[in-house]
Amino acid sequence: MSQTDTRDLARRLRSMGISESYASQLVNGRRVPSMPLALRIHHEIGAKLGPLDGVDDADIPALRRVHGLEAA
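Each residue of the sequence shown is one higher than the one before, starting from 1 at the first, in the working numbering.
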């Protein structure tokens, strides 16, 4: 990911209410978000971080249901 992309992702995470330091840690791979947070990030800004890295888009709705983020 380019430096510009990294900054943009961190800015979008901050717009979700994630602190600047935590956003930086997530973007730089120093922290891994919980599955519910990773699903929220994906839902709100489309980024796949942490446990969603490599997950097929078709599997996301099922993961959201399992974690109580959508009606069954």
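The beta carbon of each residue, even a glycine, is placed where N, CA and C say it ideally should be.
Since the structure is predicted, the reported quantities are computational estimates derived from the model, not experimental observations.
Asked                                                                                                                : Found
Quick one: Cα of GLU20 to Cα of ARG12, how far?                                                                      : 10 Å
Tell me the residue span of the alpha helix (DSSP H) that contains ASP8.                                             : 3-15
Quick check on THR29: does DSSP put it in helix, strand or coil?                                                     : According to the sequence shown, residue 29 is Gly rather than Thr. Three-state DSSP puts GLY29 in coil, outside helix and strand.
Below 8 Å on the Cβ atoms is my guess for ALA38 versus SER24; work out the distance and round it to an integer in Å. : With 8 Å as the limit, ALA38 and SER24 do not qualify as a contact, their Cβ atoms being about 16 Å apart.
Examine chain D for any beta-carbon lying closer than 7 Å to the beta-carbon of SER24, and answer yes or no.         : Here chain D cannot be found, since the structure has a single protein chain.
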